[in-house]
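Notes follow once the structure below has been shown.
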Amino acid sequence: MSINFAIIGGDLRIINLAKILAEEGHKIYTYGLEKAEELKKMQNIIFCKKISQAAQKADIVIGPIPFSSNGKAINSPFSERTIEVQELIHNINAKILIAGSVTQEVYEVANNEHVVIMDIMKREELAILNAISTAEGTIEIAISNTNRIIHGSHVLILGFGRIGKVLARKMEGLSAQITCAARKDEDLAWIKACGYKDTNINNLGENLSQYDIIINTVPHLILTSERLQHVKQECLLIDLASKPGGIDKKTVEDRNLRFIWALALPGKVAPVTTAEFIKDTLYNMLKEV
Numbered sequence: 008m009s010i011n012f013a014i015i016g017g018d019l020r021i022i023n024l025a026k027i028l029a030e031e032g033h034k035i036y037t038y039g040l041e042k043a044e045e046l047k048k049m050q051n052i053i054f055c056k057k058i059s060q061a062a063q064k065a066d067i068v069i070g071p072i073p074f075s076s077n078g079k080a081i082n083s084p085f086s087e088r089t090i091e092v093q094e095l096i097h098n099i100n101a102k103i104l105i106a107g108s109v110t111q112e113v114y115e116v117a118n119n120e121h122v123v124i125m126d127i128m129k130r131e132e133l134a135i136l137n138a139i140s141t142a143e144g145t146i147e148i149a150i151s152n153t154n155r156i157i158h159g160s161h162v163l164i165l166g167f168g169r170i171g172k173v174l175a176r177k178m179e180g181l182s183a184q185i186t187c188a189a190r191k192d193e194d195l196a197w198i199k200a201c202g203y204k205d206t207n208i209n210n211l212g213e214n215l216s217q218y219d220i221i222i223n224t225v226p227h228l229i230l231t232s233e234r235l236q237h238v239k240q241e242c243l244l245i246d247l248a249s250k251p252g253g254i255d256k257k258t259v260e261d262r263n264l265r266f267i268w269a270l271a272l273p274g275k276v277a278p279v280t281t282a283e284f285i286k287d288t289l290y291n292m293l294k295e296v
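Quick look at the structure:
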């Protein structure tokens, strides 16, 4: 069944999603993607001059992932326009908006306009699939930013959620010496069951000095200023957690430690594959609607 989608704003993941949906026979009405040259010669993709034109034609509206970085304007890196959150919500006119990482403030605006928002990033299947891209992107960063091979390196992964599990398995495949840190007894048991060394996050301190690479996946401050004093100078620190992250950045800067804050890796390292994951999740959501 052909569906009319309005796609408003977004990054390379959304551009590739538009291509996939158009190739599968859906009509795509876009706004805020006028710099996406690869879409301009495709069948089933119509560029609109106004948000209202795109929204009126659509059965479903798709927004950016993440939806907004500042809470005021939606993310639209392929547009010279500034698209205000209020403007988009107002023009959707009681339809469904599917976007990612939507804040509570946006939900409140949508409620006033009778717009239903579905946050695709809250879907477990997408979170699991995105963990694959994140893990591979993290390994790419580690290889590019260390002066030694991964094989035999002592790697500490903070957190044993979706990303921690996938990352540990892939790092183990490169013969790294893996230690995983968690707080919950259940997670520590799973770490042991998977065959990795385990340590409790609460016990981190002098033991941090043994690691060549430390990767944080926990969205809370874990590597405090005090703990970072034990990290050796040549250790590579990678923070995968969303803002404000899990590593004290002032101390990192003061000590001149090697640090990379790697946000939104799926969209950067694998936009095509990630778009396919988003498409599959989108179809699952529409079945439920």
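Numbering-wise (our numbering), the sequence shown opens with residue 8 and increments by one.
A virtual CB, placed ideally from N, CA and C, is assigned to each residue, including glycine.
Is the beta carbon of I96 less than 8 Å from the beta carbon of A61?
no
With three or more beta-carbon pairs closer than 8 Å as the criterion, would you say the stretch 258-278 touches the stretch 116-129?
no
Check whether V92 and A13 have beta carbons under 8 Å apart:
no
Distance between D255 and L235 (C-alpha atoms, nearest Å)
8 Å
On the DSSP bridge list, what partners appear for Q184?
Answer by DSSP bridge pairing, in chain order: H161.
Tell whether a beta-carbon distance below 8 Å holds between I220 and T153.
yes
Roughly how many angstroms lie between the CA atoms of D126 and L244, to the nearest whole one?
Going by the C-alpha atoms only, they are around 30 Å apart.
Starting from D192 and walking both ways along the beta strand (DSSP E), at which residues does that stretch end?
Note, D192: premise wrong, no beta strand (DSSP E); alpha helix (DSSP H) at D192 to A200.
Going by beta carbon distance, what residues of the same chain come within less than 8 Å of I90, once the five residues before and after it are set aside?
I15, G16, Y38, G39, I58, A80, I81 and S83
Among T141, I139, G144 and S108, whose alpha-carbon lies nearest the alpha-carbon of R130?
S108
Extent of the continuous beta strand (DSSP E) to which V68 belongs:
I67 to I69
With distances taken between CB atoms, is the gap from C187 to I198 smaller than 8 Å?
Against a cut-off of 8 Å, the Cβ pair of I198 and C187 comes out as a contact.
Option in V279, M292, K294 and L293 with minimal Cα separation from N137
V279
Contact defined as beta carbons within less than 8 Å: I believe K34 pairs with N11. What is the distance between those atoms, to the nearest angstrom?
5 Å
Beta-bridge pairing of N209 - partner residues as DSSP gives them:
Bridge partners of N209: none, in fact.
Please list the segments of the beta strand (DSSP E) lying wholly inside the stretch 203-290, counting only runs of 3 or more residues, in order along the chain.
204-207, 220-223, 243-246 and 265-268
Taking the C-alpha atoms as reference points, what is the distance between E112 and I156?
45 Å
What residues are listed by DSSP as bridge partners for E91?
According to DSSP, E91 bridges with A80.
On the criterion of 16 or more Cβ atoms from any shown chain inside 10 Å, does L28 qualify as buried, or is it exposed?
buried
Just how far apart, CA to CA, sit K191 and L133?
24 Å
Would you check if the distance between the CB atom of A106 and the CB atom of I72 is smaller than 8 Å?
yes
Could you give the distance in angstroms between the alpha-carbon of E179 and the alpha-carbon of V122?
46 Å
Between the Cα of V225 and those of S216, F167 and R88, spot the shortest distance and give me the residue it belongs to.
Proximity to V225 across S216, F167 and R88 peaks at F167, based on C-alpha coordinates.
Which residue marks the beginning of the beta strand (DSSP E) containing I14, and which one marks its end?
Note, I14: beta strand (DSSP E), N11 to I15.
Residues in its own chain within less than 7 Å of G252 by CB, not counting five upstream and five downstream?
Answer for G252: D246 and W268, listed in chain order.
Close beta carbons around L195, own chain, < 6 Å, minus the five adjacent residues each side:
A189 and D205
Output yes or no for whether 8 Å exceeds the beta carbon distance between V162 and I222.
yes
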